[in-house]
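A.B. asks: One structure follows; several queries about it will come next.
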Amino acid sequence: MSLRRYFRRGRADQELKRELATFVEEEAAEVEALGVAAAEARRRARLKLGNEERIREELWRQNSMTWLDSLARDARFAARSLRRSPAFAIVAILVMTLGIGANVALYAVVRGVLLRPLPYAQPQQLVAIYETVSLPGYVFDGGNRFMPVAGGSFGAWRDALAGPRPMAELSLVSPGQQYNLSSRAGGAGAAGQLPEKIDAAWCSSDFFATLGVTPALGRGFAPDDDKPGAPATAMLTDGLWRRRFDADPAAVGKMVWLDAAPYTIVGVLPASFVYESGKGGSAAQVWTPAGREYGAGLTSIFDDHQFVAVGRLAPSVTLPELVSRLNAVQRGVKASHPAPAVHDAVIGRSLLDDAVSDYRTPLYSLLAAAGCVLLIACMNLAGLMLARHAARSQEIAVRAALGASRTRLLRERVMECLWLAAAGAALGLALARLSLGWLVRARPDLNRIDAVRLDAGTVWFTLAVMAACALLTGVASSLRTGDASLAGVLRGGRQPKGGGRGHDGLRRGLVAAEVGCTVVLLIGAGLLLKSYQRLRSVDLGVPIDHALTMQISLPDAHYSQPGQRVEFFERLLAQLRAMPGVSGAGLVTTAPGQGWGGDVLVSVVEHPAAPKGDSLDLQTRAADPGYFAAVGLPLLRGRLFTSAERLDKSRVVVISASAVKLCFPGENPIGRHVKGESSGISYEVVGVVGDARWRVDLTPKPTMYLPLYNNTTSAATIVVHSRGRAEAMAVAAQQLISGMDPDLPVSDVRTLRETVGRAALGAQINSLLVLAFALIALLLAAAGLYGVLAYLVTQRTAEIGVRIALGARRGQLLRTVLWDGLRPAVIGLACGLVASVAAVRLIASMLFNTPPLDTAVFAAVAAALLIVATIACLMPAWRASRLSPLTALRAG
Amino acid sequence: MANRPNPEMLKGTLDMMILRTLAQGDAHGHTIAKIIERGSEDVLEVEQGSLYPALHRLEDRGWVSSYWGASANNRRAKFYQLTAVGRKRLLHETQHWRRMARAIALVMGETIPARGGKS
């Protein structure tokens, strides 16, 4: 209301003018009617009206808002004063743009990935429940205490929760499944489309209901679909339905072939549906009922862990309550099934945490680093403002003498900063938009990253950051306006004698703080970089150059006869090895660095029986005889498989060096036997090979290799060792395979080097970003150091001139000035090192094989900072020592 | 002459009187001033410096609305009109004023005997 009036006050004034004219005419007419002459009547009417200007001023004032007026005046004044020094304004705006842009982009990521609620109904009620081990000191693989759930445990939990008022609905999901998808005539989609391997997930029939998701088309799974032997059913995601089935609504009810078996499409999930967990799942394109796919025994097997329990808490039930209830159940499960692979405890977290808790520390660390840069930028700007202020001290003193109030001067200062921050924020938003696009492409491995946007919340954040920057900078640069020596400034003209002391102290303090923040950033960057390099140079156990891997999976429907698979594998290897440029080829179930690949509990036949619950855990792989040579895994002892060891003549194993240490400490394992706990089959150990890592960032696990030709496995990873570039073999190898079986999809084609690079992707981006931030900070801090000392030298020109004239040695002078400039840097460095000791603990979980208090990094950062600071200070110090006393004294 | 001392109007009463005047019909600034002055038997003199800002203020508050029309002498004049909100306001102000006037009269009537009360 009043704002409208404020902006329309010009029009109101015009209207008032006409009204007053009417008044005069009306009054004059009235007086004239009494018989007065026209001119006299008009004069009297004017008198009656009074001072027209005053009436108009009165209305103008009534319509005005003084604060808005003076604000606009301040803004105009500040803009004018910035326009007078464009170089300063441009530098300041650039610095602000970088700082604000980085913060906004990272905030958008944090908001989109970590803070945005899950896209389900009442997402805060949703939880993910895992199994865990309560043994104190138990070492979890990769430090991850959230271990997948066995179907048997899940069944026990669900039975225990059943009742009239359950604490939670529990459903089951197994992300990370895969199918060979193919189309045929009569089924959904055009026949003759290429087969492909797609990611899939199994779930219990009530999974979607638990999440509160209803299918966009068709129906969800019914309890009858979720049983062993039930007719095969599948649900498609919206993406797959559009891509492969042309978004045809008639696809529902038709057939699709998964692993060469027909499945009825019962429904299509909504486009908004996404499931992301700590165990993957975001890539799943087909969902199938777990009860049917797993087959018999889903709820009676307690040592096969491949599920996540997703639950919806009943109102007023908390996660800890549910976990403690399930813990009691799981202890009972362990008591009745004491096998070592059965876990004894339960652990849970919110479904949102399940999806993103791994990224929390890295993302918040990056945001903190960006905040640090912005803080430094603000302090730098405040230093620049102080210098400007000192240069304008005379103008300001005159204005203060003429009655400009302190708050008025402060307001102008903040207003100048606000202009700079606003320009920085506008450009920063553009920069954030650009860098966000890059960030989303660079980190496809982050859950929920696709949905990151510059939304309204981010814009509000930008405005808040902008205001905070303006206030911080403005106030920091105004802590001393130095008007105590007003008279001195006025009298002294250009050279305030001693009036600048306050400024100098403040500027030194700001620079010291800048240096301190820079040190923290540099140390963080150094640690992350070192960790990244260690991760990149991890020894997988095999050479990673010239090695290409790809996966195939032979569908049971086509390769059902014993020997059929073996025959295919042998033919494939023979043809691969005959390809030009190939120096070796082998088959293994899981290549080094590419995943867990399964494990089995064994005992040594020749040893006395171990107490129950104390078996040996070996990772298992199946490999063809040529695999070890092809991938470069050295044979340490004994022999490898022979090609005769196949089908039922294949009770031999090759074990890794660490498996020898675990199972046969101090013994010769060759000729001894290990026996599978659950299968009861004994295998003779024929050879020992080197260790290979299953995950790039974890130590190798004791491993046992079985012959691939024993016909138990249908999926295999092909390892091709080439003489030239490994990538060059990819197309030829795929053509060869499709020539052998056109229905067989090839997936996950990548080199071992890429495997390592992919594992280090997060570390790479994080360390590069923090390094970039640290370098910007270093540049700003150096500029700050230089600025302060250069200004100081100019201020003290006369004094230095006198000293030189009196015979001060130039070397001595250089050292004095240099030390004067370096002091804030040294103080900042000391504070920064102390702060780093605390800060690095926060990023300890992001470091690989690098202690947080790595002395080398701390020492390198300290040295680098001192060198940069010395260089920054050397120039002004040198100039001071070279001053000609004559010019110096004249200038004074 | 515009500064000639005149009986100071009680704060807020001008608004009330303008509303009261407009209750009898639409009027422009000059007429309103005249009516108030005549109505008070020329005791009150309306200062244009207060009247016109007051009219604009009342319009902003939505108690009166305005339109341009022809005056009795056929001149273009800005007419003011009481709105429904303004009418309600007038009622409220009038009651309040009556109460105040009565209270003041009660107090004043006891100490000094009425003398020449009729102008």
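Residue numbers (the numbering used here), protein chains in the order written: chain F, 643 to 1534; chain E, 198 to 316. Just so it is clear, CB atoms sit at the ideal spot from N, CA and C, and this is done for glycine as well.
Grab me the residues of G283(E)'s own chain with a C-beta within less than 8 angstroms of its C-beta, minus the 5 sequence neighbours each way, in chain order.
C.D. replies: Once the five neighbours on either side are set aside, the close Cβ partners of G283(E) are L216, L219, L255, G259, W260 and V261.
A.B. asks: Verify the CB distance criterion: does D212(E) have a CB-CB separation below 9 angstroms to chain F?
C.D. replies: It does not; no Cβ of chain F falls within 9 angstroms.
A.B. asks: Counting along the chain, where does the alpha helix (DSSP H) carrying Q704(F) start and finish?
C.D. replies: Per DSSP, Q704(F) belongs to the alpha helix (DSSP H) from E694 to N705.
A.B. asks: Can you give the Cα-Cα distance for V916(F) and D1383(F), rounded to whole angstroms?
C.D. replies: Cα to Cα, V916(F) sits roughly 34 angstroms from D1383(F).
A.B. asks: Under DSSP, the beta strand (DSSP E) around R1392(F) begins and ends at which residues?
C.D. replies: Per DSSP, R1392(F) belongs to the beta strand (DSSP E) from V1388 to T1393.
A.B. asks: Between the segment 1027-1037 of chain F and the segment 787-796 of chain F, can you find at least three pairs of beta-carbon atoms closer than 8 angstroms?
C.D. replies: With the cut-off at 8 angstroms, the segment 787-796 of chain F and the segment 1027-1037 of chain F do not touch.
A.B. asks: Nearest chain A C-beta to R696(F) closer than 9 angstroms, yes or no?
C.D. replies: Any reference to chain A falls outside this structure, whose protein chains are F and E.
A.B. asks: Counting only runs of 3+ residues fully inside the segment 993-1042 of chain F, write out the beta strand (DSSP E) ranges in chain order.
C.D. replies: Qualifying beta strand (DSSP E) stretches: none in this window.
A.B. asks: Would you report the Cα separation of S1364(F) and S1380(F), rounded to the nearest angstrom?
C.D. replies: Cα-Cα distance, rounded: 20 angstroms.
A.B. asks: Can you name the residues of chain F whose CB is closer than 8 angstroms to the CB of K285(E)?
C.D. replies: Within 8 angstroms Cβ-Cβ: nothing; K285(E) doesn't reach chain F, min ~19 angstroms.
A.B. asks: How close, in whole Å, do the beta carbons of G1332(F) and L1278(F) come, if the pair is a contact with beta carbons under 8 angstroms?
C.D. replies: Indeed, because the Cβ distance is near 6 angstroms, the residues count as touching under 8 angstroms.
A.B. asks: Starting from the beta carbon of F665(F), find every residue of chain E whose beta carbon is closer than 7 angstroms, and list them in chain order.
C.D. replies: The answer, in chain order, is G226, H227 and Q245.
A.B. asks: Could you give the distance in angstroms between the alpha-carbon of G1240(F) and the alpha-carbon of G854(F)?
C.D. replies: Cα-Cα distance, rounded: 33 angstroms.
A.B. asks: Thinking I1360(F) and L1229(F) are a contact (beta carbons under 8 angstroms), I'd like their distance in whole angstroms, please.
C.D. replies: Their Cβ separation, rounded to whole angstroms, is 6 angstroms, which keeps I1360(F) and L1229(F) in contact under 8 angstroms.
A.B. asks: Given L1394(F), which residues of its chain have a CB within under 6 angstroms of its CB, disregarding the five upstream and five downstream residues?
C.D. replies: These residues qualify, in order along the chain: I1186 and A1189.
A.B. asks: R647(F) versus chain E: which residues are under 7 angstroms apart at the beta carbon?
C.D. replies: Near R647(F) (Cβ distances below 7 angstroms), the residues of chain E are D257.
A.B. asks: Pull up the distance between the alpha-carbon of I1418(F) and that of L768(F), whole angstroms please.
C.D. replies: C-alpha separation (whole angstroms): 42 angstroms.
A.B. asks: Can you look up V1224(F) in the DSSP assignment and give me helix, strand or coil?
C.D. replies: Strand at V1224(F).
A.B. asks: Alpha carbon to alpha carbon, what distance is there between A874(F) and P865(F)?
C.D. replies: Going by the C-alpha atoms only, they are around 13 angstroms apart.
A.B. asks: List, from N- to C-terminal side, the alpha helix (DSSP H) runs of 4 residues or more that fit wholly inside the segment 1298-1368 of chain F.
C.D. replies: Listed in chain order, the complete alpha helix (DSSP H) runs (minimum 4 residues) inside the segment 1298-1368 of chain F are 1299-1305.
A.B. asks: Give a yes or no on whether the C-beta atoms belonging to M707(F) and L645(F) are separated by under 9 angstroms.
C.D. replies: Yes, these two residues count as a Cβ contact at 9 angstroms.
A.B. asks: How about Y264(E): is its C-beta nearer than 9 angstroms to some C-beta of chain F?
C.D. replies: Judged by the 9 angstroms Cβ criterion, Y264(E) is not in contact with chain F.
A.B. asks: Can you tell me where the beta strand (DSSP E) with P904(F) in it begins and where it stops?
C.D. replies: First-last of the beta strand (DSSP E) with P904(F): A903 to V910.
A.B. asks: Against L701(F), what residues of chain E qualify as contacts under a CB-to-CB distance less than 7 angstroms, listed in chain order?
C.D. replies: By Cβ distance, chain E contributes Y249, P250 and H253.
A.B. asks: How close, in whole Å, do the beta carbons of P250(E) and E700(F) come, if the pair is a contact with beta carbons under 8 angstroms?
C.D. replies: The pair is a contact, with the Cβ atoms about 5 angstroms apart (cut-off 8 angstroms).
A.B. asks: Can you tell me whether A750(F) is helix, strand or coil according to DSSP?
C.D. replies: Of the three classes helix, strand and coil, the one that applies to A750(F) here is helix, per DSSP.
A.B. asks: According to DSSP, is S1523(F) helix, strand or coil?
C.D. replies: Reduced to three states, the DSSP call for S1523(F) is helix.
A.B. asks: Taking only runs that begin and end inside the segment 1441-1482 of chain F, name each unbroken beta strand (DSSP E) of 3 or more residues, in chain order.
C.D. replies: If we require 3 residues or more, the segment 1441-1482 of chain F turns out to have no beta strand (DSSP E) run fully inside it.
A.B. asks: Output the residue ranges of the alpha helix (DSSP H) runs that lie fully inside the segment 717-772 of chain F and measure 4 residues or longer, sorted by chain position.
C.D. replies: Segments of the alpha helix (DSSP H) lying fully in the segment 717-772 of chain F: 728-751.
A.B. asks: Taking the continuous alpha helix (DSSP H) assigned at W1238(F), which residues delimit it?
C.D. replies: That residue, W1238(F), is in no alpha helix (DSSP H); it is neither H nor E in DSSP.
A.B. asks: Could you check which residue in K869(F), R973(F) and V898(F) has the C-alpha nearest to that of G939(F)?
C.D. replies: For G939(F), the nearest C-alpha among the options comes from K869(F).
A.B. asks: On the DSSP bridge assignment, give the partners of T1439(F) in chain order.
C.D. replies: Paired residue(s): none; T1439(F) is not in a bridge.
A.B. asks: With H, G and I counted as helix, E and B as strand and the rest as coil, what does DSSP make of N203(E)?
C.D. replies: For N203(E), the pLDDT reaches just 47, beneath the cut-off of 50, and the residue's location in the model is therefore unreliable, although a value from the coordinates is still provided. DSSP places N203(E) in coil when its eight states are reduced to three.
A.B. asks: Whole angstroms are fine: how far does the CA of V1184(F) sit from the CA of L961(F)?
C.D. replies: Answer to the nearest angstrom: the Cα atoms are 44 angstroms apart.
A.B. asks: Note down, in chain order, every chain F residue with its Cβ under 8 angstroms from the Cβ of A274(E).
C.D. replies: The answer, in chain order, is E661, T664 and E668.
A.B. asks: On the criterion of 16 or more Cβ atoms from any shown chain inside 10 Å, does Q927(F) qualify as buried, or is it exposed?
C.D. replies: When all chains shown are included, Q927(F) counts as buried.
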